[in-house]
Amino acid sequence: MPRDIGWQVDDAGARRYWDGNVWLDNEPEIYVIEEEEVVVPPPPPVVAVAPPPPPPPPRVVEPVVEEVPAPNPLRWLWWLLGLLLLGGLIWWLARSCNRPATVETAPTPTQPVATVPAGECAGDPVTLTVSTFNNFGFGAPSGDRPGADLWDKYHAEHPCVTVNETVAATSDDARAAFNTAISAGSGAYDIQAVDVDWMPSIMALPDHFVNLQQYAGSNDWMPWKVAQATTPDGRVLGFGTDIGPEGLCYRSDLFAEAGLPTDREEVAALFGGNNATWDQFFQVGAQYHQATGRPFFDSSAALFQGMVNQIEYSWVDSSGNIIATDNTQAQHLYNQLTAAALDGQSAGLGQWSPDWNAAMSTDQFAVMLCPAWIINNIKGNAGDNFVGWDIANVFPGGGGNWGGSFLVVPSQGTHQEEAAELAAWITAPEQQAAVFEAASNFPSSPTAQADPRVSNKVEPFLNNAPVGQIFANRAAAVTVVPFKGAQYFDIQTKMADALNRVDVDRTMSPEQSWNQWVTDVRALG
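Mapping of the sequence shown onto the working numbering: position 214 corresponds to residue 218, and the numbering continues sequentially without gaps.
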């Protein structure tokens, strides 16, 4: 159907034909739109009509460019001041958070938070039990027992730990109780002091003891001391306390009576100095006995302890085989010693017996082997004011170590970590030096040995002898560190029994007692 097409003004203001849907050309003609015939009439007269306002142009969004002002030094100063103020505010708030809270009902505006005064325990208290023997010098000094008072010092540094030390009279007593506890699986002390002679039995039961390696810290010990407590797979079962380098303690007053020199350097030369031998020792003994009619040395069992420690493999070889009864070197020393004893040179005293203790203040003997730790025994038995004892920087056979101990931590304990830490602390160089200063137990730590408290120590009881220097020299003279297997202690105990049968009880001849010893050793298995 034809539609009328009229003139219209388009959006641009021009006159054009408009069919109601689309704009057409300006020529009047027939258009076919959507298959319909359209008659385009001539254009009407022009009537001035105001054109509609043009549509707004499309909005173009341009990026905003911010103008950055030129740097101003004062601006940075203000920034810095602001940061300082902010930091101060943060500090004040943090400090305020840690201040005691205000309690409205309290009579004062604030109540302090409960704190632990210095020296008081802030956690769970622990009591550690320690077993020692003789005198390790750890405890407070008493009338007859010198000590460095280390337990109180440790408690002051570790307020939660209290230490109770039990002191056995002898190494044998301590070992018997200890073996019972280990066999039973309960009853052992948190820390056990172990003599070097029965340390091998500890090494044979490594699973019963704590590996102390991780607790050693910066502690140091003589290499051979460490080796005595280290298993083949590297576990450290004990921390070394002291060692026992040996000199000769002698009675200068009794030497003077026998016409022998009394000056300690002259006495050292009398026994042979650096070339001293056991033959020379017994020759001097015979000279003293002939001059005075009195015994020269204290005890055969005590003397043999120093002699046998100069044999690398005396009772057990490196494979653990018992070689004691076939050791001709040990048998030679036995024969030499028992012959001198029966010739009147021995006082015939059992070591550690009451008679042996009492004889240190009498004229029953004039010389005894003198590891550092035995000075306590001499002084304690003779009395601090006793005059006459001295020490010579010499030892038959060159050098020897008698004694020295370790601290072990049984794995059955309930405070193993605390015990291991205490064992490390008390065997550290600082404490070892303090023990020697107070109780004469010579340190196993090279660092402690170099401490002036050790190296410069003089012992008034021994005629002001420079014991720090003497024992350092005696330690340096040790060239043989005897191997001691698990059965060493038992075999050595049987040897002491054999010597006592000859020297103390006088119940057997040397040959008879040796044969009995062989039987006893073989019975050990």
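Here a beta-carbon is modelled for each residue, glycine too, at the ideal position from N, C-alpha and C.
Check, Outcome
"For Trp228, the three-state DSSP class (helix, strand or coil)", "helix"
"Distance between Ala476 and Met364 (C-alpha atoms, nearest Å)", "25 Å"
"Own chain, CB closer than 8 Å to Arg298, minus 5 neighbours either side, in chain order", "Leu258, Tyr292, Asp367, Gln368, Phe369, Ala370"
"Leu132 vs Leu426 beta-carbon contact at 8 Å", "yes"
"Residues that Asp394 bridges to, as DSSP identifies them", "Tyr254"
"Euclidean distance between Cα positions of Ala178 and Gly263", "43 Å"
"Coarse secondary structure for Ile315, derived from DSSP in three states", "coil"
"Extent of the continuous alpha helix (DSSP H) to which Ala272 belongs", "268-274"
"Sequence-distant residues of the same chain with beta carbon closer than 6 Å to Glu108, five excluded per side", "In this predicted model, Glu108 has a pLDDT of only 33, less than 50, meaning its place in the structure is not dependable; the value taken from the coordinates is given anyway. If we look at Glu108 and ignore the five residues flanking it on each side, it has no Cβ neighbours."
"Boundaries of the alpha helix (DSSP H) in which Ser146 is found, first to last residue", "Neither: Ser146 is in no alpha helix (DSSP H) and is coded neither H nor E."
"Contact set for Ala443: own chain, Cβ-Cβ below 7 Å, skip 5 residues either direction", "Asn139, Gly141, Pro150, Gly151, Ala152, Asn380"
"Boundaries of the beta strand (DSSP E) in which Pro426 is found, first to last residue", "Checking the sequence shown, residue 426 turns out to be Leu, not Pro. Premise fails: Leu426 lies in the alpha helix (DSSP H), 420-430, not in any beta strand (DSSP E)."
"Supposed close pair Phe446, Ala396 - CB separation, criterion 8 Å", "About 16 Å separates the two Cβ atoms, so there is no contact after all."
"N- and C-terminal bounds of the alpha helix (DSSP H) containing Ala527", "514-527"
"N-terminal and C-terminal residue of the alpha helix (DSSP H) that Pro375 is part of", "Careful: Pro375 lies outside any alpha helix (DSSP H), inside the beta strand (DSSP E) at 371-375."
"Within 8 Å, strictly: CB atoms of Ala197 and Ser135", "yes"
"Stretch pair the region 191-205 + the region 404-418: three plus CB contacts closer than 8 Å", "yes"
"First and last residue of the uninterrupted alpha helix (DSSP H) at Leu154", "154-161"
"Boundaries (first-last residue) of the beta strand (DSSP E) holding Val413", "Here Val413 belongs to no beta strand (DSSP E), and DSSP marks it neither H nor E."
"For Ala454 and Thr511, the rounded distance between their alpha carbons", "48 Å"
"Distance, Ala490 Cα to Ala438 Cα", "32 Å"
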